[in-house]
Amino acid sequence: MPRTVEGLQRLGRALMLPIAVLPVASMLLRLGQPDLLNIPVLAAAGDAIFSNLGLVFAVGVAVGFARENHGAAGLAGLVGFLVATHGAGSLLAIPGSVTAGLAGAAADAAAAAWRAQQLSKLSMPVGILSGLIAGFAYNRYSEIKLPDYLAFFGGRRFVPIVTGCFGIVVALAFGLAWPLLARGMDGLSLAVVGAGSWGLFAYGVLNRLLIVTGLHHILNSVVWFVLGDYHGITGDIHRFQAGDPTAGAFMSGFFPVIMFGLPGACLAMYRAARPERRRVVGGLLLSITLTSFLTGVTEPVEFTFMFLAPLLFAVHAVLTGLAMVIMHVLGVHLGFGFSAGLFDYVLNFHLATRPLWLLPIGAAYFLLYFWLFRFAIARFNLATPGRELAPAAGEHAYARAPAARGSRAAGLVEALGGAANLRSVDACTTRLRLSVVDGARVDAAALARLGAMGVVRPAPTAVQVVLGPIADQVAGEIRAYLRGEGARAAAATATADADTDAQAGQSGDAVEESTSVDLRALLNALGGADNITSVASAAGRVLLTVARADLLDHESLDALITRGVVMTTTGTLHLLLGAQASSVADGLRAPAAPR
Numbered sequence: 007m008p009r010t011v012e013g014l015q016r017l018g019r020a021l022m023l024p025i026a027v028l029p030v031a032s033m034l035l036r037l038g039q040p041d042l043l044n045i046p047v048l049a050a051a052g053d054a055i056f057s058n059l060g061l062v063f064a065v066g067v068a069v070g071f072a073r074e075n076h077g078a079a080g081l082a083g084l085v086g087f088l089v090a091t092h093g094a095g096s097l098l099a100i101p102g103s104v105t106a107g108l109a110g111a112a113a114d115a116a117a118a119a120w121r122a123q124q125l126s127k128l129s130m131p132v133g134i135l136s137g138l139i140a141g142f143a144y145n146r147y148s149e150i151k152l153p154d155y156l157a158f159f160g161g162r163r164f165v166p167i168v169t170g171c172f173g174i175v176v177a178l179a180f181g182l183a184w185p186l187l188a189r190g191m192d193g194l195s196l197a198v199v200g201a202g203s204w205g206l207f208a209y210g211v212l213n214r215l216l217i218v219t220g221l222h223h224i225l226n227s228v229v230w231f232v233l234g235d236y237h238g239i240t241g242d243i244h245r246f247q248a249g250d251p252t253a254g255a256f257m258s259g260f261f262p263v264i265m266f267g268l269p270g271a272c273l274a275m276y277r278a279a280r281p282e283r284r285r286v287v288g289g290l291l292l293s294i295t296l297t298s299f300l301t302g303v304t305e306p307v308e309f310t311f312m313f314l315a316p317l318l319f320a321v322h323a324v325l326t327g328l329a330m331v332i333m334h335v336l337g338v339h340l341g342f343g344f345s346a347g348l349f350d351y352v353l354n355f356h357l358a359t360r361p362l363w364l365l366p367i368g369a370a371y372f373l374l375y376f377w378l379f380r381f382a383i384a385r386f387n388l389a390t391p392g393r394e395l396a397p398a399a400g401e402h403a404y405a406r407a408p409a410a411r412g413s414r415a416a417g418l419v420e421a422l423g424g425a426a427n428l429r430s431v432d433a434c435t436t437r438l439r440l441s442v443v444d445g446a447r448v449d450a451a452a453l454a455r456l457g458a459m460g461v462v463r464p465a466p467t468a469v470q471v472v473l474g475p476i477a478d479q480v481a482g483e484i485r486a487y488l489r490g491e492g493a494r495a496a497a498a499t500a501t502a503d504a505d506t507d508a509q510a511g512q513s514g515d516a517v518e519e520s521t522s523v524d525l526r527a528l529l530n531a532l533g534g535a536d537n538i539t540s541v542a543s544a545a546g547r548v549l550l551t552v553a554r555a556d557l558l559d560h561e562s563l564d565a566l567i568t569r570g571v572v573m574t575t576t577g578t579l580h581l582l583l584g585a586q587a588s589s590v591a592d593g594l595r596a597p598a599a600p601r
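Just so we're aligned, residue 7 is where the sequence shown starts under the numbering used here, counting upward by one.
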């Protein structure tokens, strides 16, 4: 079960990369329309993305799913998508009704148009599947070694090749079984639409409940990009942008909740805060309110009460489902390219049906959320921001004013259990998505002091840290810190400790002969062998931890290690030695081992 959850987490994370393209596509498409700026080149640019969403997802999902987000996986995803779609297209059987009464060029044109429409319908499923295959192929085969006479095609070059082979299998499956698959997709769409208000209510509730684990992206991808058919265009978002009057059912209900309901909850939390602390928490609550209202990003608000009052969050999920039903019953159809915020509401106003109904419904939701949260906080004495008796993290816990980037990354790595505990670091819209060795080593309290709004542990080796819209930027800082500053010292130390006994019998003098560094002088500068608690080498550096930093002779260290000596914020000493690093580390282990 944990492996299944972790796999779904990776899928949800991978889907976010291509989804991030949609806001710019929606903006370009709308701004270029005659009712706005009437600039055809902008409209064509936006439509180019929407018309090739399958291709975008093939590349984006592949990169998002691949280890290190490597671009080779994106190329493989592109190859797999092209092979699968064009191969499937050649296998599609043209129904006789399509060319009935036509001959020659007219029949060929009708057949080509029908085939293009069918390929458009299968574009998204094939795109996502191709991306997953390419990402898996990269993770599995990117380091494969072939015989010498085929060595050129080994490693990462092998990934597009094997993905193309899988693409042929996909082409055969979709091409030969397309009539059955088409009926299945149409049946699913009709079943969801036929469920009416109950189907929308269930979707709204599940969407909010699944946000706890981040799996709502998978659910959203089905309804936003696959369901429905409007002249060969599928998915609620694309059909809405293409002018389908029935589209928007799976988007409209989010607007009252996100633009009005959650800001009402934030006002209730502000009013419930202790008077002496309102100024402190006011900055935090105003920031996350504007994030929700303007952009439609809700997690920063929801994680302030999700774990504090689970029943209240459950009510929030029910109210989201109810909003979906209310908007549907009133015939309100709104749409977005990213999320249900003010920017998308204004941008898509002229495409919407009865958009002004949002104002009275939104006002009612604002008052409902304000009253509900105000009552629950007072009745159950919930420790929402500003109500703690003594903030353990200090007032700065609400300031959200991060330190310098390097120190922020170092602090987060330490709170996450150290570099040795981190297997992979990724991010979606608002959270770090981490694969760790041991989830129990993650310090949630320390993460909160560093600005985290919540910590989710969907599996023993999977952790999500909610940071808000800066998550992707912070993930990049952490990766850069792990690579550049050498914070993998702890990871290397684990290996070094295992090797220490094997090195114990080696003579320090013998090793000393193989390096230009005076090991005895270096040991003295480090405070003696007894002061060294761990030794490792990585990337041209010797990585050390010492028992007492005050025993270090920094002047002697600078004279001995001419390339540089660095002490990180996590307490690891880095000796920059280049090619000598491994031999010096071995020499330092030998006298240190008998201790």
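Note that CB positions come from ideal geometry on N, CA and C, so glycine has one too.
Bear in mind the structure is a predicted one, so any value in this text is a computation, not a measurement.
Can L35 and I45 be called in contact, C-beta distance under 8 Å? Position 29 of the sequence shown, counting from 1, holds the residue named residue 35. Position 39 of the sequence shown, counting from 1, holds the residue named residue 45. Cβ distance not < 8 Å, so L35 and I45 don't count as in contact.
### Task
Go through its chain and collect everything with a Cβ distance to F355's Cβ below 7 Å, but skip five positions before and after it.
Your numbering for residue 355 matches position 349 in the sequence shown. Hits under 7 Å: P361.
Quiz item: Roughly how many whole angstroms lie between the Cα atoms of L128 and A188?
Solution: Within the sequence shown, numbered from 1, the residue matching residue 128 stands at position 122. Within the sequence shown, numbered from 1, the residue matching residue 188 stands at position 182. Rounded to whole angstroms, the separation of the alpha carbons of A188 and L128 is 8 Å.
Starting from the C-beta of T219, find all residues in its chain whose C-beta is less than 6 Å away, skip the five residues before and the five after it, and write them out in chain order.
-> Taking the sequence shown and counting its residues from 1, one reaches residue 219 at position 213. The beta carbon of T219 is closer than 6 Å to those of P464 in its chain, skipping five residues each way along the sequence.
Once DSSP output is grouped into helix, strand and coil, what is the label at R437? Counting from 1 along the sequence shown, the entry for residue 437 is found at position 431. DSSP places R437 in the strand class (E or B) of the three-state scheme.
Residue from V263, L318 and A421 whose Cα sits closest to the Cα of L456: Within the sequence shown, the letter at position 450 stands for residue 456. In this structure, A421 is the residue among V263, L318 and A421 with its C-alpha nearest to the C-alpha of L456.
field: Between the CA atoms of V228 and V47 - distance to the nearest angstrom
entry: Start at 1 with the first residue of the sequence shown, and residue 47 comes out as number 41. Start at 1 with the first residue of the sequence shown, and residue 228 comes out as number 222. Roughly 30 Å separates the two Cα atoms.
- request: Can you tell me which of the three DSSP states A468 falls into?
  value: Here residue 468 refers to the residue found at position 462 of the sequence shown. Three-state DSSP puts A468 in a strand.
Supposed close pair I167, G86 - CB separation, criterion 8 Å:
Counting from 1 along the sequence shown, the entry for residue 167 is found at position 161. Counting from 1 along the sequence shown, the entry for residue 86 is found at position 80. With a Cβ gap of about 11 Å, I167 and G86 do not count as contacting.
* Going by the beta-carbon positions, is the gap between F207 and G327 smaller than 8 Å? -> Looking up residue 207 in the sequence shown gives position 201. Looking up residue 327 in the sequence shown gives position 321. In this structure, G327 lies closer than 8 Å to F207 by Cβ.
Closest to A201 by C-alpha separation, out of V443, M330 and L532, would be which residue? By 1-based counting over the sequence shown, the position of residue 201 is 195. For the residues V443, M330 and L532, the minimum Cα distance to A201 belongs to M330.
Evaluate G584 with the Cβ neighbour count: other Cβ atoms within 10 Å of its Cβ, from every protein chain shown; 16 or more gives buried, anything less gives exposed. The sequence position of residue 584 within the sequence shown is 578, counting from 1. G584 is exposed by the Cβ-count criterion.
- Message: Can you confirm whether the stretch 465 to 482 touches the stretch 299 to 311 when touching is taken to mean that 3 or more C-beta pairs between the two stretches lie within less than 8 Å?
- Response: A contact between stretches requires three or more CB pairs, one per stretch, nearer than 8 Å, and the stretch 299 to 311 meets this requirement with the stretch 465 to 482.
* Asked: Who are the near neighbours of A271 in its chain, counting only those whose CB is closer than 6 Å to its CB and skipping five residues on each side?
  -> As a working note, residue 271 is residue 265 in the sequence shown. Y375 and F379.
Only counting the same chain, and skipping five residues up and downstream in sequence, which positions put a Cβ closer than 8 Å to that of L336? In the sequence shown, residue 336 corresponds to position 330, counting from 1. Excluding positions up to five away in sequence, the list reads R360, W363 and I367.
Notebook entry, point to check: Roughly how many whole angstroms lie between the Cα atoms of L373 and G267?
Noted result: To locate residue 373, count along the sequence shown from 1; it is residue 367. To locate residue 267, count along the sequence shown from 1; it is residue 261. Cα-Cα distance, rounded: 8 Å.
G492, DSSP secondary structure in three states: Here residue 492 refers to the residue found at position 486 of the sequence shown. Confidence at G492 is low in this model, with a pLDDT of 48, below 50, so its placement is unreliable and no value can be given for it.
message = So for Q542, helix, strand or coil by DSSP?
response = On the sequence shown, residue 542 is found 536 positions in, with the first residue counted as 1. Per the sequence shown, residue 542 should be read as Ala rather than Gln. Strand, per DSSP.
Could you please give me the residues that DSSP links to I239 through a beta bridge? Start at 1 with the first residue of the sequence shown, and residue 239 comes out as number 233. Bridge partners of I239: Y236.
Report task. Please classify L549: does DSSP put it in a helix, a strand, or coil? Result -> Working through the sequence shown from its first residue, we reach residue 549 at position 543. DSSP places L549 in strand when its eight states are reduced to three.
Worksheet item: So, do the stretch 293 to 301 and the stretch 445 to 455 have three or more beta carbon pairs nearer to each other than 8 Å?
Response: Result no; under three Cβ-Cβ pairs closer than 8 Å.
- Query: By how many angstroms is the C-alpha of L225 removed from the C-alpha of N387?
  - Reply: Along the sequence shown, read from residue 1 onward, the residue named residue 387 stands at position 381. Along the sequence shown, read from residue 1 onward, the residue named residue 225 stands at position 219. The straight-line gap from Cα to Cα measures roughly 34 Å.
Check: Could you give the distance in angstroms between the alpha-carbon of G60 and the alpha-carbon of I174?
Finding: Translated into the one-based positions of the sequence shown, residue 60 becomes position 54. Translated into the one-based positions of the sequence shown, residue 174 becomes position 168. Approximately 17 Å, taken between the alpha carbons.
Neighbour-count burial assignment, Y155, 16 or more Cβ in a 10 Å radius = The sequence position of residue 155 within the sequence shown is 149, counting from 1. It is exposed - the Cβ of Y155 has fewer than 16 other Cβ atoms within 10 Å.
Roughly how many whole angstroms lie between the Cα atoms of V524 and Q586? Here the question's residue 524 lines up with position 518 in the sequence shown. Here the question's residue 586 lines up with position 580 in the sequence shown. Val is not the amino acid found at residue 524; the sequence shown has Asp there. Rounded to the nearest angstrom, the two C-alpha atoms are 12 Å apart.
* Does DSSP put H580 in a helix, a strand or coil? -> If you number the sequence shown from 1, residue 580 lands on position 574. Assigned with DSSP and collapsed to three states, H580 falls in strand.
Does DSSP classify D559 as helix, strand or coil?
Here residue 559 refers to the residue found at position 553 of the sequence shown. Of the three classes helix, strand and coil, the one that applies to D559 here is coil, per DSSP.
message: Check for me: the alpha helix (DSSP H) holding T252 runs from which residue to which?
response: The count along the sequence shown starts at 1 and reaches residue 252 at position 246. No alpha helix (DSSP H) contains T252, which DSSP labels as neither H nor E.
Any non-hydrogen atom of the ligand NAD within 7 Å of G584 CB: This structure simply doesn't include the ligand NAD, nor any ligand for that matter.
Exercise. Would you report the Cα separation of V431 and A111, rounded to the nearest angstrom?
Worked result: As a first step, residue 431 must be located in the sequence shown, where it is residue number 425. As a first step, residue 111 must be located in the sequence shown, where it is residue number 105. Taken atom to atom, the span from the alpha-carbon of V431 to that of A111 is near 55 Å.
So, under 8 Å CB-CB, H334 and A255 are touching, yes? Tell me the CB distance rounded to an integer number of Å. The sequence position of residue 334 within the sequence shown is 328, counting from 1. The sequence position of residue 255 within the sequence shown is 249, counting from 1. Contact flag correct, Cβ pair sits at about 6 Å.
*Using beta-carbon positions only, say whether F180 and V132 come within less than 8 Å of one another.*
On the sequence shown, residue 180 is found 174 positions in, with the first residue counted as 1. On the sequence shown, residue 132 is found 126 positions in, with the first residue counted as 1. Yes, these two residues count as a Cβ contact at 8 Å.
- Length of the line joining the Cα atoms of V287 and P281: Start at 1 with the first residue of the sequence shown, and residue 287 comes out as number 281. Start at 1 with the first residue of the sequence shown, and residue 281 comes out as number 275. One Cα belongs to V287, the other to P281, and the distance between them is close to 10 Å.
Exercise for review: Buried or exposed for H339, please, with buried defined as at least 16 other CB atoms from any protein chain shown within 10 angstroms of its CB.
Suggested key: Start at 1 with the first residue of the sequence shown, and residue 339 comes out as number 333. Its Cβ being crowded by 16 or more others within 10 Å, H339 is buried.
| message | Starting from W184, trace the alpha helix (DSSP H) in both directions and tell me its first and last residue. | response | Translated into the one-based positions of the sequence shown, residue 184 becomes position 178. Residues W184 to G200.
Residue environment, S1, which counts as buried when at least 16 other CB atoms sit within 10 Å:
Here the chain comprises residues numbered 7 to 601, so residue 1 is not present and cannot be evaluated.
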